[in-house]
Amino acid sequence: MQTVTAVPGSAHPGRLGRRGIRLLTAATVARLADEAAGVGVVLYVIARTADPRLAGLVVSAFALPTLVTGPVLGAVLDRLRRKRVLFLANQLVLAAALIGVLLLAGRAPGGALIGLGLLAGSTAPLLTGGFSSLVPLVVPAAALPRANAADSASYNVAGLAGPALVAAVAGSAGAGAALAGTAGLAAAAVLLVLAAPTGPRRPAPGPAPATDGPAPATDGPAPATDGPAPATDGAPPAGAAGRERLGPALVDGVRLLVRAPLLRAATIATTVAHAVSGLLPVTVPLLAIQLGQPAARGGWLLTALSAGALAGALVSARLLRRFTPAGVLMAALVGYGLSLTAVAGAPSLAVALPLAVLAGLCDGPVFAATLAIRQSSVPPHRYAQLAATAASVKTGGYALGAASTGVLAAHLSARQLILVVAAGQLVALLPFAPLGRRRAVVPTDRAVLTDPAVPTDPAVETDPGGPTAPRLPAGPVSGPGGGRRAAVGCGRPPR
Numbered sequence: 001m002q003t004v005t006a007v008p009g010s011a012h013p014g015r016l017g018r019r020g021i022r023l024l025t026a027a028t029v030a031r032l033a034d035e036a037a038g039v040g041v042v043l044y045v046i047a048r049t050a051d052p053r054l055a056g057l058v059v060s061a062f063a064l065p066t067l068v069t070g071p072v073l074g075a076v077l078d079r080l081r082r083k084r085v086l087f088l089a090n091q092l093v094l095a096a097a098l099i100g101v102l103l104l105a106g107r108a109p110g111g112a113l114i115g116l117g118l119l120a121g122s123t124a125p126l127l128t129g130g131f132s133s134l135v136p137l138v139v140p141a142a143a144l145p146r147a148n149a150a151d152s153a154s155y156n157v158a159g160l161a162g163p164a165l166v167a168a169v170a171g172s173a174g175a176g177a178a179l180a181g182t183a184g185l186a187a188a189a190v191l192l193v194l195a196a197p198t199g200p201r202r203p204a205p206g207p208a209p210a211t212d213g214p215a216p217a218t219d220g221p222a223p224a225t226d227g228p229a230p231a232t233d234g235a236p237p238a239g240a241a242g243r244e245r246l247g248p249a250l251v252d253g254v255r256l257l258v259r260a261p262l263l264r265a266a267t268i269a270t271t272v273a274h275a276v277s278g279l280l281p282v283t284v285p286l287l288a289i290q291l292g293q294p295a296a297r298g299g300w301l302l303t304a305l306s307a308g309a310l311a312g313a314l315v316s317a318r319l320l321r322r323f324t325p326a327g328v329l330m331a332a333l334v335g336y337g338l339s340l341t342a343v344a345g346a347p348s349l350a351v352a353l354p355l356a357v358l359a360g361l362c363d364g365p366v367f368a369a370t371l372a373i374r375q376s377s378v379p380p381h382r383y384a385q386l387a388a389t390a391a392s393v394k395t396g397g398y399a400l401g402a403a404s405t406g407v408l409a410a411h412l413s414a415r416q417l418i419l420v421v422a423a424g425q426l427v428a429l430l431p432f433a434p435l436g437r438r439r440a441v442v443p444t445d446r447a448v449l450t451d452p453a454v455p456t457d458p459a460v461e462t463d464p465g466g467p468t469a470p471r472l473p474a475g476p477v478s479g480p481g482g483g484r485r486a487a488v489g490c491g492r493p494p495r
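Just so you know, UniProt numbering puts the end of the sequence shown at 495, numbered straight through with nothing missing.
Here is the structure:
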């Protein structure tokens, strides 16, 4: 089966190129507006209504629709030739919803604000799986490891800068100004989306090759065929994705997610890890209190986690050149779990902070490794659908974890809750156990993610350890490593 691919090459194959930089810049600013929106909405709704419960419901509404709209938007994105329209629609919907909250909070019933949250959340999967699905279409194949690392770091940059930006503006000019600025940022991202590439570069037309004479005559008409040319490597014929009905496409995507062993294991593992991480936003203030500090100091632990994760994401490309994506993913989960265990046992906040940075550093490569597994396991005409579906499931898992924090906190101390999060990272490894010694290595020196017309190397063997992962010759391996937040201030957004 042909897998999802990057563009065949460039003059500098290891670099992102201008097209890749424009795409990732647009994705980062769009995600920045999204991260700022959650904090801005909470501050403004509380300022206008003095109702924290309503503020929480509005923010939760931002995440709820993704469970339904994620797979559908992904399938539609796979079918569209002009994908840009969906990303433009997302930015305009978010900006309109934020302006609606700005105008209606304190003047209209709470249900109207919740409805605006649901509206904004309906297109949110485009910010996660949507943008990530464009990366292999835009960057050169050899630059895919670096592009995956930059895409992963994009989430951490947005997660750090978004809330900080809102807090700074709200502190100096008020919550209304902060929310208005966030709406303006979402609208401004439209310009970047307009400039960003959303598909492979079209080859420049050239003159037909000259011939020395007339074409040789043939002995008869060309033989008739009984039907269209067969698809290559399991890919559908050209234009088939556009003609395929949406219902069967959704069913086929779920079937692929279930039947591809490595893809299934990575999706379950990261969903479990994100679900238990949903406990962190409420738990870290409680841990700060248990360490003898004000609850607000717990926010520094989330900042430390995000800062470490940013550093980990930036080094993930180097790791994925030396080790398989599955190996990096499993090692990252183990390191994250053990580091959180150390955070739970820290005697003071001063000790807990560097341990939280270490935990974030271990967690950083998870997303890039997940992208690499996904890119080696999913055919081109299903990639956006699978990416958006996985991101939506993780968002749902994270929201479930956040919702369960109150129940668990009634019976467990803050240290014990951190240990639950740590144990969850190790439990997340269980889906990999049936794979045994199987492995998947993603090639980067040839096009494996693009058009069915791109020739493949017949000398490359198929590794039985991965459903579609080619096996490279012996030697150093060079290979590349998925909504609106369910809770405000989380250190690890669903991707």
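For every residue, glycine included, the Cβ atom is placed at its ideal position computed from N, Cα and C.
Name the two residues that bound the continuous alpha helix (DSSP H) containing residue i.
i, result
"H274", "P261 to S277"
"Q293", "Q293 -> no alpha helix (DSSP H), and no H or E assigned at all."
"R245", "No alpha helix (DSSP H) holds R245; DSSP gives it neither H nor E."
"R15", "No alpha helix (DSSP H) contains R15, which DSSP labels as neither H nor E."
"G335", "P325 to A344"
"H199", "First, the residue type needs correcting, since residue 199 is Gly and not His in the sequence shown. Here G199 belongs to no alpha helix (DSSP H), and DSSP marks it neither H nor E."
"A50", "Counting along the chain, A50 falls outside any alpha helix (DSSP H), and DSSP gives it neither H nor E."
"L104", "R84 to L104"
"V421", "A414 to V427"
"S404", "Y383 to A409"
"S306", "G298 to R322"
"T182", "A175 to A195"
"L127", "Here L127 belongs to no alpha helix (DSSP H), and DSSP marks it neither H nor E."
"P71", "T66 to R79"
"R374", "V366 to S377"
"A433", "That residue, A433, is in no alpha helix (DSSP H); it is neither H nor E in DSSP."
"A352", "L349 to D363"
Residue i: buried (16+ other C-beta within 10 angstroms of its C-beta) or exposed?
i, result
"G17", "buried"
"Q375", "buried"
"P145", "buried"
"R416", "Correcting the residue identity first, residue 416 is Gln in this sequence and not Arg. Classification of Q416: exposed, given that the 10 Å Cβ count is below 16."
"A195", "exposed"
"R31", "buried"
"V407", "exposed"
"P71", "buried"
"S348", "exposed"
"H274", "buried"
"L247", "Here residue 247 is Gly; the residue named in the question, Leu, does not match the sequence. When all chains shown are included, G247 counts as exposed."
"G40", "buried"
"A183", "buried"
"A262", "What sits at residue 262 in the sequence shown is Leu, not Ala. It is buried - the Cβ of L262 has at least 16 other Cβ atoms within 10 Å."
"L103", "exposed"
"S122", "buried"
"G345", "exposed"
Ordered along the chain, which non-local residues of its own chain (more than five positions away) have a Cβ less than 8 Å from that of residue i?
i, result
"A332", "G312, C362, D363, G364, P365, V366 and A369"
"I268", "A428 and P431"
"L250", "P71, V72, A75 and Q385"
"A177", "V169 and A170"
Identify, in the order they occur along the chain, each residue of the same chain with its Cβ nearer than 7 Å to the Cβ of residue i, setting aside the five sequence neighbours on each side.
i, result
"I114", "L57, V58 and A61"
"L126", "L73, L86, F87 and N90"
"S132", "D151, L371, A387 and G482"
"L192", "T25, A26 and V29"
"N156", "S306, A309, L310 and A313"
"V421", "V276, S277, L279, L280 and L340"
Which residues in the same chain have their Cβ closer than 6 Å to the Cβ of residue i, if we skip the five residues on either side of it in sequence?
i, result
"G181", "V169"
"R19", "V138 and P197"
"L165", "A36"
"A356", "L301, A304, L305 and V343"
"V393", "T271"
"T405", "L279 and V282"
"I99", "A183"
"G401", "A275, V276, G278 and L279"
"A317", "P145, R146 and A149"
"A175", "L43, Y44 and A47"
Using beta carbons (cut-off 8 Å, strictly below), is residue i in contact with chain B?
i, result
"A260", "Going by chain labels, chain B is absent from the structure shown, which holds only one protein chain."
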